[in-house]
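Enquirer: This is the structure I have questions about; it appears just below.
In mature numbering (1 follows the signal peptide of the UniProt record, and there is no 0), the protein residues as written are -18 to -1, 1 to 434.
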């Protein structure tokens, strides 16, 4: 991981320094060929907001209206503002219903959905780079990008399988070999892609190819690494998956509604439609929603127990003795609150208190993931990453804040819930011990042959 991070940072720094220190003037090599066609001002200074700063993305299906025809007919005659409101509302309800269905189907479905979303987000970002530089006919760009995606996924999910399903891995000889040499195999696969990239370098496109190399690796760092953290959170307990995602969705919806009906004061130039009214209204709504959602989910083992493996069925199980943060406790209220509510104590799940911190992050810091994505889209003069969801844009447009929230949740668990990780480890040991007992029992009941 350290090697990959260093490689990403080195490639990115090289690209940025090359662009802004040497690329502000019309850059030519000895043969006189223009490598990028990027040109600064006449006086040689670089203007980050100039038209030459970033190539335009050629038009694509993402720029077209893909709203279903029946919705267009139903909303015909409405002003564009209200038409967009109803389209977003209908599709939001459909996506929320799908989210409930996926949760009902269990951890396996959730994992596959996360991986599918990850691949789609990677595809949307890589496609932007490909469309910008398609005319240069860079060799192997798309092939190498997808190859590196496979390598990084193999590394991360191989680690996950080894950590959480070690008992199952030990049953099969091929899996034992892959688990034992997993990191070496991962490094060898990445090294093969690295060598292929070096061999693909073309004289006329050296710098542009390194741009795209950095583009691919930063995309992997943003999308794949954080998707892996989403699954790590899921294995700590489905509540650590559901609550962070739900409060981001709530904040997005409530900020939009408050901004739509009451918005007057612009919040940030990167997103002109965002308002302070929406930002503040979304904050309070999200904190309240997260508090009551935490109360609801903390009552069920299905949501609070770490995801484990059933040794008899080889399937996922979510049965355990809930940890202390999911057990109702009595708290003494501050004196001021006691006088107001006329009661001295209140019964809460400790996780409800933690949900306030999670909701605060989702409301105050989470939107900056969206602002970051807005800046990226403005740099390439595009409205959305894709047109997958009418009224919403691409999958990445919906998950720009989710990835930042997933990283915070993972860091939050690792920083403040060390005992929870120990608890998960104990659960794994208990499962392993049960599997050993089952194998011993099966061995003792096996038929034996009498001598002679």
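All C-beta atoms in this analysis are idealised placements derived from N, C-alpha and C, irrespective of residue type, glycine included.
Tell me whether the beta-carbon of residue 383 lies closer than 7 Å to the beta-carbon of residue 352.
Expert: For residue 383 and residue 352, yes; Cβs fall inside 7 Å.
Enquirer: In this structure, does DSSP put residue 437 in helix, strand or coil?
Expert: Outside the displayed span of the chain (-18 to 434) sits residue 437, for which this structure offers no information.
Enquirer: Would you please verify whether the beta carbon of residue 226 is less than 7 Å from any beta carbon of chain B?
Expert: Any reference to chain B falls outside this structure, which holds one protein chain only.
Enquirer: Which of the three DSSP states is assigned to residue 248 in this structure?
Expert: Strand at residue 248.
Enquirer: Just to confirm the assignment, what range does the beta strand (DSSP E) spanning residue 436 have?
Expert: Residue numbering for the chain in the displayed model covers -18 to 434; residue 436 lies beyond these limits and cannot be assessed.
Enquirer: Tell me which residues share the same chain as residue 252 and place their Cβ nearer than 6 Å to its Cβ, disregarding the 5 neighbours each side in the sequence.
Expert: 353, 356, 357, listed in sequence order.
Enquirer: Kindly indicate the opening and closing residues of the alpha helix (DSSP H) around residue 332.
Expert: Unbroken alpha helix (DSSP H) run through residue 332: 332 to 346.
Enquirer: Beta-carbon separation of residue 345 and residue 233 under 7 Å?
Expert: Yes; because the gap between Cβ atoms is below 7 Å, this pair is in contact.
Enquirer: Name the DSSP bridge partner or partners of residue 208?
Expert: In the DSSP output, where bridge partners are listed per residue, residue 208 has none listed.
Enquirer: Assign residue 379 to buried or exposed, taking buried as 16 or more other Cβ atoms, counted over all protein chains shown, within 10 Å of its Cβ.
Expert: Answer is buried; the Cβ neighbour count reaches 16.
Enquirer: Under a Cβ-count criterion, where at least 16 other Cβ atoms within 10 Å of its own Cβ denotes burial, should residue 396 be classed as buried or exposed?
Expert: Exposed.
Enquirer: According to DSSP, which residues form a beta bridge with residue 311?
Expert: DSSP lists 330 as partners of residue 311.
Enquirer: From residue -16 to residue 200, what does the alpha carbon distance come to, in whole angstroms?
Expert: In this prediction, residue -16 scores a pLDDT of 44, lower than 50, which makes its location untrustworthy; no coordinate-derived value is stated.
Enquirer: Give the DSSP bridge partners of residue 99, in chain order.
Expert: None; residue 99 has no bridge partner.
Enquirer: Any heavy atom of the ligand PLP inside 6 Å of the beta-carbon of residue 169?
Expert: What this structure holds is no ligand at all, so the ligand PLP is not there to describe.
Enquirer: If we call anything under 7 Å between Cβ atoms a contact, is residue 312 one with residue 322?
Expert: No; because the gap between Cβ atoms is not below 7 Å, this pair is not in contact.
Enquirer: Starting from residue 257, trace the beta strand (DSSP E) in both directions and tell me its first and last residue.
Expert: Unbroken beta strand (DSSP E) run through residue 257: 253 to 257.
Enquirer: Count the C-beta pairs between the region 59 to 77 and the region 361 to 375 that are closer than 8 Å, then say yes if the count reaches three, no if not.
Expert: The answer is yes - the region 361 to 375 touches the region 59 to 77, with three or more Cβ pairs under 8 Å.
Enquirer: Closer than 6 Å by C-beta to residue 366: which residues in its own chain qualify, once you throw out the five before and the five after it? Chain order, please.
Expert: 44, 375, 376, 379, listed in sequence order.
Enquirer: Tell me which residues share the same chain as residue 140 and place their Cβ nearer than 6 Å to its Cβ, disregarding the 5 neighbours each side in the sequence.
Expert: These residues qualify, in order along the chain: 164.
Enquirer: Compute the Euclidean distance between the alpha carbons of residue 258 and residue 343, then round it to the nearest angstrom.
Expert: The straight-line gap from Cα to Cα measures roughly 17 Å.
Enquirer: Taking the alpha-carbon positions, what's the residue 277 to residue 136 distance?
Expert: The alpha-carbon atoms of residue 277 and residue 136 are separated by roughly 37 Å.
Enquirer: Should residue 172 be labelled buried (16 or more other beta-carbon atoms within 10 Å of its own) or exposed?
Expert: Buried is the call here.
Enquirer: Roughly how many angstroms lie between the CA atoms of residue 267 and residue 274, to the nearest whole one?
Expert: If I take the Cα positions, the gap works out to 11 Å.
Enquirer: Does DSSP put residue 110 in a helix, in a strand, or in coil?
Expert: Helix.
Enquirer: Assess contact between the region 186 to 199 and the region 117 to 126, defined as three or more Cβ pairs (one per stretch) separated by less than 8 Å. Is contact present?
Expert: Because the criterion of three Cβ pairs below 8 Å is met, the region 186 to 199 and the region 117 to 126 touch.
Enquirer: Name the one or two DSSP bridge partners that residue 78 has.
Expert: Residue 78 pairs with nothing; no bridge assigned.
Enquirer: Going by beta carbon distance, what residues of the same chain come within less than 8 Å of residue 83, once the five residues before and after it are set aside?
Expert: Nothing meets the Cβ criterion.
Enquirer: How many Å lie between residue 247 and residue 363 at the Cα?
Expert: C-alpha separation (whole angstroms): 24 Å.
Enquirer: Hey, how far is the Cα of residue 168 from the Cα of residue 157?
Expert: Cα to Cα, the separation comes out at about 15 Å.
Enquirer: With distances taken from CA atoms, which of 398, 292, 126, 284 is nearest residue 182?
Expert: The shortest Cα separation from residue 182 among 398, 292, 126, 284 belongs to 126.
Enquirer: Could you pull out every residue in the same chain whose Cβ sits closer than 7 Å to the Cβ of residue 106, ignoring the five residues on either side in sequence?
Expert: Excluding residues within five positions, the ones whose Cβ falls inside 7 Å are 367, 368, 376, 377, 378.
Enquirer: What number of angstroms, rounded off, separates the C-alpha of residue -4 from the C-alpha of residue 102?
Expert: Here the model assigns residue -4 a pLDDT of 46, short of 50, so the residue's position is not dependable, and the following value carries that caveat. Residue -4 and residue 102: Cα-Cα distance of roughly 26 Å.
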